[in-house]
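Q:
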Ligand SMILES: Nc1ncnc2c1ncn2[C@@H]1O[C@H](COP(=O)(O)OP(=O)(O)OP(=O)(O)O)[C@@H](O)[C@H]1O
Ligand SMILES: [Mg+2]
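Protein chains in written order, with this note's numbering: chain E, 1113 to 1368; chain S, 87 to 532.
1) If contacts are defined as beta-carbon pairs under 8 Å, then residue 1200 (chain E) and residue 480 (chain S) qualify, I think. What distance do you get, rounded to the angstrom?
2) Specify which residues have a beta carbon nearer than 5 Å to any heavy atom of ligand 1, listing them in chain order.
3) Could you tell me the boundaries of the beta strand (DSSP E) in which residue 1143 (chain E) lies?
4) Does the beta carbon of residue 1199 (chain E) come closer than 9 Å to any beta carbon on chain S?
5) The alpha helix (DSSP H) with residue 210 (chain S) in it runs from where to where?
6) If you follow the beta strand (DSSP E) that residue 1300 (chain E) is part of, which residue opens it and which one closes it?
7) Closest to residue 1196 (chain E) by CA distance: which of E:1277, E:1178, E:1154 is it?
8) Using a Cβ-Cβ distance cut-off of 9 Å, determine whether residue 263 (chain S) contacts chain E.
9) In whole angstroms, what separates the C-alpha of residue 276 (chain S) from that of residue 117 (chain S)?
10) Is it buried or exposed, residue 311 (chain S), if we count other Cβ atoms within 10 angstroms and call 16 or more buried?
11) How should residue 1301 (chain E) be labelled, buried or exposed, when 16 other C-beta atoms within 10 angstroms of its C-beta is the threshold for buried?
12) Nearer than 8 Å: is that true of the beta carbon of residue 1223 (chain E) relative to any heavy atom of ligand 4?
13) Give me whichever residues DSSP pairs with residue 408 (chain S) in a beta bridge.
14) Quick one: give me the first and last residue of the beta strand (DSSP E) that residue 147 (chain S) is part of.
15) Whose C-beta lies closer than 8 Å to the C-beta of residue 1117 (chain E) among residues of the same chain, with five residues either side of it excluded?
16) What does residue 306 (chain S) pair with, by DSSP beta-bridge criteria?
17) Kindly indicate which three-state DSSP category residue 325 (chain S) falls into: helix, strand or coil?
18) For residue 316 (chain S), tell me which candidate among S:369, S:256, S:262 has the shortest Cα-Cα distance.
19) Beta carbons nearer than 8 Å to chain E: which residues of the segment 480-491 of chain S have them?
20) With a threshold of 9 Å between beta carbons, is residue 476 (chain S) in contact with chain E?
21) Which whole runs of the alpha helix (DSSP H) in the segment 228-298 of chain S are 4 residues long or more, in chain order?
22) For ligand 2, is there a heavy atom less than 8 Å away from the beta-carbon of residue 1197 (chain E)?
23) Give me the subset of the segment 490-521 of chain S whose CB atoms are less than 8 Å from a CB atom of chain E, sorted by chain position.
24) Here's the rule I'm using: 16 or more other beta-carbon atoms within 10 Å means buried, otherwise exposed. How should residue 90 (chain S) be labelled?
25) May I ask you to report which of helix, strand or coil DSSP gives residue 1306 (chain E)?
26) DSSP three-state call for residue 450 (chain S): helix, strand or coil?
27) Does the distance from the C-beta atom of residue 181 (chain S) to that of residue 262 (chain S) stay below 9 Å?
28) Rounded C-beta distance between residue 305 (chain S) and residue 274 (chain S)? I'm assuming under 8 Å.
29) Is any heavy atom in ligand 2 found nearer than 8 Å to the beta carbon of residue 1313 (chain E)?
30) State the Cα-Cα distance for the pair residue 1257 (chain E) and residue 1289 (chain E), rounded to the nearest angstrom.
31) Cβ-heavy atom distance between residue 139 (chain S) and ligand 2 below 8 Å?
32) Using only alpha-carbon positions, find the residue among S:427, S:505, S:377, S:169 that is nearest to residue 296 (chain S).
33) Can you check whether the C-beta of residue 1150 (chain E) is within less than 9 Å of a C-beta belonging to chain S?
34) Name the one or two DSSP bridge partners that residue 469 (chain S) has.
35) Report the CB separation of residue 338 (chain S) from residue 364 (chain S) in whole angstroms; it is logged as a contact under 8 Å.
36) What does the Cβ neighbour count give for residue 1181 (chain E), buried or exposed, with the cut at 16 atoms within 10 Å?
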């Protein structure tokens, strides 16, 4: 599904990603953890195609093809989705209006017929119920005046409507209370299937309690310093990141 | 421009005026001296130049040096079909003026509620001379300005609206001003007088358009609104004349105690637009809301010049103007707020936002606060920006392509102003007009 090869990315002349290697197979859920500022969101945004970051080395293969030359919307049309750590407020554009434009852009790209207002409304209703998102919010401007939790839930709602093949969730759990967390996890789990994959960026083991990952990776200073199974998340929760960072330093010291 | 040239251009209007004097022998007797005095004022000052602080960024040389013909001397033949695109509802009182003359056939005044007089000014001048004389051209701010004086001197037909005390008019009054002339430049000076009696309520829509071929025509419109105690007046002004035209407008509002006036000024057409909007809050508790939206592309130039005069205590004013600029478009905003010495508890808010879609476009935004009272709240803010990259990226990650995402954001920016349009069919109509004016707006649909 996804293969990241020796990925290096810069912003404003600073190297943030320093050689990331990661392979995500169809049907898998990978979790990425790591200290603040280690480059998790950068990786998520680079995967989604943000052009403020410059990819200086390496490649990203999605379904076997390099996507570096694709724009963010082309990547979305190919089935990628990013749930933002900080969802953007867009005054004047209502969620339902924009989401219908998005759904139809993606359908058009895939050669499917566009949805009319009625069909679209049906899907929206069903998914809003699943995520327990107040439908009133959908007729408001995107994320404008939404609470932190509502914003995060709106991200998962959009994901549920768009049904991506590869979903990248950037700290979707932060700012959610335990009930909201369960609802979000249900939404994510409902989408899990053999032909879909997920990358879940999080600081906390608690989300992984509900969305059990197949692999856990620790990102430190722009590199994956450690990878393991789901039990690694528990270990990180208990011991913090320092031991991995130290290990990584040692490894670098040995290598040089 | 040379002095000789400038004199020459004044001569064009002097010739117009002499023509008019000869013809108007049959008109209302009281009007001629008013016209004469106004023309004398205009002749004395002449056209403003960019040395004049109020006209620093707007050069009217193209108007001053064109040899216009009076539009009212040009024959016209506009059909009902040709005005369709300017209409937003059948459910209104419709008055149509073509080339400065009222057109009975195109208009649909219908039955008016008791206590409402809505007719063309020329008819009213015959029957309501006293009323007009009492109110017309009495307000200082307007009369000092050269274009307003020229309008008073040359005034063509327009709307006369009088609402009796306590009457609320449920349908909007729509006045459509059209120029129908060939390429030869013509000038017209539409004039409107709106008198809203105490506790009355009314909405007026002015639409300015062109039919047939374009030309460097000049529209110099003026509207006076008198809102008596507790009156509620909504005034919408939609300017969508053809590309080569020049448009200067004056809106003078006189507000009495607890009156509420809302104006909406939308400028979409013309090469050069100057809107002068002045309101005097001359009664306790009066409230005004002045909203504006303009779109410029090519080398269009739009100048909005606002003056809000807080003459009495406890009045509130809100100015909210937005502009979208493409290509080499230019937008000027000047918002003058005067708070008189005893206008305590004034609450004035001024906002001007511009969206630059091209690095060759230009914006000048200038607040001018003259506050003589000490217990007032007065805020102003101006922002000039481009399409927000974070918003663009967000929309794109959902599958919307960059061009559509951009359009969506530009439309959203402009459309915010339309939420102030309280006549639903008009809001829809304007929203549609907006879409057709935006780059690739047709991609957005509805
Ligand atoms: N424009 C920029 N110029 C220089 N450094 C930047 C710029 N933008 C981001 N960075 C840096 O990139 C690093 C990685 O940021 P990123 O947001 O990817 O971290 P993160 O792992 O998601 O952190 P968190 O856990 O706090 O969300 C940070 O050190 C940040 O300061
Ligand atoms: Mg982050």
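Idealized CB from N, CA, C, for every residue including glycine.
These figures come from a predicted structure and were not determined experimentally.
A: According to the structure shown:
1) As a working note, residue 1200 (chain E) is residue 88 in the first chain. As a working note, residue 480 (chain S) is residue 394 in the second chain. Yes, residue 1200 (chain E) and residue 480 (chain S) are in contact; Cβ-Cβ is about 4 Å, under 8 Å.
2) Counting every residue whose Cβ lies closer than 5 Å to a heavy atom of ligand 1, we get E:1123, E:1124, E:1126, E:1128, E:1148, E:1149, E:1150, E:1151, E:1152, E:1153, E:1154.
3) Residue 1143 (chain E) sits at position 31 when you count from the first residue of the first chain. Where residue 1143 (chain E) is concerned, the enclosing beta strand (DSSP E) stretches over 1141-1145.
4) One-based indexing of the first chain puts residue 1199 (chain E) at position 87. By this cut-off, residue 1199 (chain E) is an interface position.
5) Mapped onto the second chain, residue 210 (chain S) falls at position 124. Taken as a continuous stretch (DSSP letters only), the alpha helix (DSSP H) holding residue 210 (chain S) covers 207-213.
6) Residue numbering aside, residue 1300 (chain E) sits at position 188 when the first chain is read from its first letter. No beta strand (DSSP E) contains residue 1300 (chain E), which is instead part of the alpha helix (DSSP H) from 1290-1303.
7) Reading the first chain from its first residue, position 84 is the one you call residue 1196 (chain E). From the listed residues E:1277, E:1178, E:1154, the smallest Cα separation to residue 1196 (chain E) is found for E:1154.
8) On the second chain, residue 263 (chain S) is found 177 positions in, with the first residue counted as 1. So no, residue 263 (chain S) is outside the interface.
9) Translated into the one-based positions of the second chain, residue 276 (chain S) becomes position 190. Translated into the one-based positions of the second chain, residue 117 (chain S) becomes position 31. Taking the straight line from one Cα to the other gives about 15 Å.
10) To locate residue 311 (chain S), count along the second chain from 1; it is residue 225. In the assembly as shown, residue 311 (chain S) is a buried residue. Its beta-carbon has 16 or more other beta-carbons within 10 Å.
11) Locating residue 1301 (chain E) in the first chain gives position 189, where the first residue counts as 1. Label assigned to residue 1301 (chain E): exposed.
12) Looking for ligand 4 in the displayed structure turns up nothing; the ligands present are ligand 1 and ligand 2.
13) Mapped onto the second chain, residue 408 (chain S) falls at position 322. In DSSP, residue 408 (chain S) forms a bridge with S:379, S:439.
14) In the second chain, residue 147 (chain S) corresponds to position 61, counting from 1. Here residue 147 (chain S) belongs to no beta strand (DSSP E); instead the alpha helix (DSSP H) covers 147-150.
15) Taking the first residue of the first chain as position 1, residue 1117 (chain E) is located at position 5. Cβ within range, chain order: 1133, 1170, 1171, 1172, 1173.
16) Taking the first residue of the second chain as position 1, residue 306 (chain S) is located at position 220. In DSSP, residue 306 (chain S) forms a bridge with S:334.
17) As a position in the second chain, residue 325 (chain S) is number 239, starting the count at 1. Here residue 325 (chain S) sits in strand by DSSP.
18) Against the second chain, residue 316 (chain S) aligns to sequence position 230. It is S:369 whose Cα lies nearest to the Cα of residue 316 (chain S).
19) Against chain E - using a Cβ distance shorter than 8 Å - the residues of the segment 480-491 of chain S are 480, 481, 482, 483, 484, 485, 486, 487, 488, 490, 491.
20) Locating residue 476 (chain S) in the second chain gives position 390, counting from the first residue. Output row for residue 476 (chain S): interface = yes.
21) 232-240
22) One-based indexing of the first chain puts residue 1197 (chain E) at position 85. Residue 1197 (chain E): yes, Cβ under 8 Å from ligand 2.
23) 490, 491, 494, 495, 497, 498, 499, 501, 502
24) By one-based count along the second chain, residue 90 (chain S) stands at place 4. Any answer about residue 90 (chain S) is weak, because its pLDDT of 40 lies below 50 and its placement is not dependable; what the coordinates show is given next. Looking at its Cβ environment, which holds fewer than 16 other Cβ atoms inside 10 Å, residue 90 (chain S) is exposed.
25) Residue mapping note: residue 1306 (chain E) aligns to position 194 of the first chain, counting from 1. In the structure shown, residue 1306 (chain E) sits in coil (DSSP, three-state: anything other than H, G, I, E or B).
26) Along the second chain, one-based indexing puts residue 450 (chain S) at 364. Annotated three-state conformation of residue 450 (chain S) is strand, per DSSP.
27) Along the second chain, read from residue 1 onward, the residue named residue 181 (chain S) stands at position 95. Along the second chain, read from residue 1 onward, the residue named residue 262 (chain S) stands at position 176. In contact: residue 181 (chain S) and residue 262 (chain S) (Cβ atoms closer than 9 Å).
28) Translated into the one-based positions of the second chain, residue 305 (chain S) becomes position 219. Translated into the one-based positions of the second chain, residue 274 (chain S) becomes position 188. At roughly 6 Å, the Cβ-Cβ gap stays under 8 Å, so residue 305 (chain S) and residue 274 (chain S) are in contact.
29) Within the first chain, residue 1313 (chain E) is the residue found at index 201, counting from 1. Within the cutoff, so yes.
30) As a working note, residue 1257 (chain E) is residue 145 in the first chain. As a working note, residue 1289 (chain E) is residue 177 in the first chain. Going from the Cα of residue 1257 (chain E) to the Cα of residue 1289 (chain E) covers about 19 Å.
31) Indexing the second chain from 1 puts residue 139 (chain S) at position 53. No, Cβ of residue 139 (chain S) sits at least 8 Å from all heavy atoms of ligand 2.
32) Mapped onto the second chain, residue 296 (chain S) falls at position 210. Ranking the options by Cα distance to residue 296 (chain S), first place goes to S:169.
33) For the purposes of this step, residue 1150 (chain E) is identified with residue 38 of the first chain, where counting begins at 1. No - not a single Cβ of chain S is within 9 Å of the one on residue 1150 (chain E).
34) The residue labelled residue 469 (chain S) in the question sits at position 383 within the second chain. Answer is S:439.
35) Numbered from 1 along the second chain, position 252 holds the residue referred to as residue 338 (chain S). Numbered from 1 along the second chain, position 278 holds the residue referred to as residue 364 (chain S). Contact between residue 338 (chain S) and residue 364 (chain S) holds: their C-beta atoms lie close to 5 Å from each other, under 8 Å.
36) Locating residue 1181 (chain E) in the first chain gives position 69, counting from the first residue. Exposed, because fewer than 16 other Cβ atoms sit within 10 Å of the Cβ of residue 1181 (chain E).
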